[in-house]
Amino acid sequence: MTNPKEVFNLPAQRNFELATKRTLELNRSHFLAVQDFDKISRQAGAVLQPPFIHLKYFRFRVEIDTRNAAVTSPDTSLSPREEALILHYLLKADGTPVSREQISFKELPEGANYQPVFYNRVLKSLIALYIANPAKLNLSAISLGGKKAEQADVSFLFQALPRLPLWLVFWQGDDEFPPEGNIIFDRSISRYLDTEAITEICQNLNRRLTEKTF
Numbered sequence: 015m016t017n018p019k020e021v022f023n024l025p026a027q028r029n030f031e032l033a034t035k036r037t038l039e040l041n042r043s044h045f046l047a048v049q050d051f052d053k054i055s056r057q058a059g060a061v062l063q064p065p066f067i068h069l070k071y072f073r074f075r076v077e078i079d080t081r082n083a084a085v086t087s088p089d090t091s092l093s094p095r096e097e098a099l100i101l102h103y104l105l106k107a108d109g110t111p112v113s114r115e116q117i118s119f120k121e122l123p124e125g126a127n128y129q130p131v132f133y134n135r136v137l138k139s140l141i142a143l144y145i146a147n148p149a150k151l152n153l154s155a156i157s158l159g160g161k162k163a164e165q166a167d168v169s170f171l172f173q174a175l176p177r178l179p180l181w182l183v184f185w186q187g188d189d190e191f192p193p194e195g196n197i198i199f200d201r202s203i204s205r206y207l208d209t210e211a212i213t214e215i216c217q218n219l220n221r222r223l224t225e226k227t228f
């Protein structure tokens, strides 16, 4: 199998749409080269029913066609970036059990270097939504499959992919400290996604939560 660590990296191009297209094509090429779809399905916690691999992406059912690497969902429209991400997950997954040990983004490989980018791209708007409209955040989280968790002041557990839990947590703050938020991961996450792809799935969570309307 090709090195999955290289699968999700975007080409260094200004044209984001072209870069996304090339990333998706690369992931499809690597996926179609797989010889044992049963093995990668088991390692990813997915189900193989030839010619399709079935898994859940947040609350959405997803099918991956092993004949052409098409990634589709009957429940939602998937962006090309999400398609590439799901293929990356299948290629990188090695079956490591969920450790139940939580870590933050800065504890990921190279995470400390990219923490400011992660905050600006992901956490900043989520914290703003929590401050401005906690009721909308609650409805959006539940709509996306989130379950209330017993952490911080407000928290939700999302099963983003079969072996990839994410915890979204918020603290109300007080007179001395402003409200804060974070996304927490299981320590096993780097056996399923590289750090760039982890940023991507958190951006997708952010987008789907902040854009959801009722």
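In terms of this note's numbering, the sequence shown is residues 15 to 228.
Virtual Cβ for every residue (Gly too), placed ideally from N, Cα, C.
Note that this is a predicted model, so its numbers are computed, not measured.
What is the DSSP secondary structure of G59, reduced to helix, strand or coil?
Collapsing the DSSP output to three states places G59 in coil.
From T213, H102, S43, L180, residue whose alpha carbon lies closest to that of Q165
Comparing Cα-Cα distances from Q165 to each of T213, H102, S43, L180, the minimum goes to L180.
When we look at the beta-carbon of I156 and count the other beta-carbons within 10 Å, is it buried (16 or more) or exposed?
So I156 ends up on the exposed side.
If you drop the 5 nearest sequence neighbours on each side, which residues of the same chain put their C-beta closer than 6 angstroms to that of V61?
H68.
Work out the CA separation of H102 and S204 for me, nearest whole Å.
So the alpha carbons of these two residues sit roughly 12 angstroms apart.
Using a threshold of 9 angstroms, state whether the C-beta atoms of N196 and L178 are closer than that.
Not closer than 9 angstroms, so no.
With respect to the alpha helix (DSSP H) encompassing F119, which residues constitute its N-terminal and C-terminal limits?
Counting along the chain, F119 falls outside any alpha helix (DSSP H), and DSSP gives it neither H nor E.
Cα-Cα separation between E194 and N220, rounded to whole angstroms
Annotation: E194 to N220 spans about 15 angstroms, alpha carbon to alpha carbon.
Taking only the alpha-carbon atoms, compute the straight-line gap between A58 and A47 and give it to the nearest angstrom.
The C-alpha of A58 lies about 17 angstroms from the C-alpha of A47.
Between which two residues does the alpha helix (DSSP H) carrying F251 extend?
It is not possible to answer for residue 251, since the shown part of the chain is limited to 15 through 228.
With 16 other CB atoms within 10 Å as the buried threshold, where does D208 fall?
Buried.
If you draw a straight line from the C-alpha of T213 to the C-alpha of R95, how long is it?
Their backbone Cα atoms lie some 12 angstroms apart in a straight line.
Nearest-angstrom Cα separation, counted from I100 out to Q49
Our two residues, Q49 and I100, have alpha carbons roughly 18 angstroms apart in a direct line.
Taking only three categories from DSSP, how would you classify Q186?
Looking at Q186 - three-state DSSP - the assignment turns out to be coil, as it is neither helix nor strand.
Cβ distance (whole Å) where L105 is taken to contact F199 below 8 angstroms:
Approximately 19 angstroms separates the beta-carbon atoms of L105 and F199; this is outside 8 angstroms, ruling out the contact.
From E31 to E124, what does the alpha carbon distance come to, in whole angstroms?
Straight across, the Cα-Cα distance linking E31 with E124 is about 25 angstroms.
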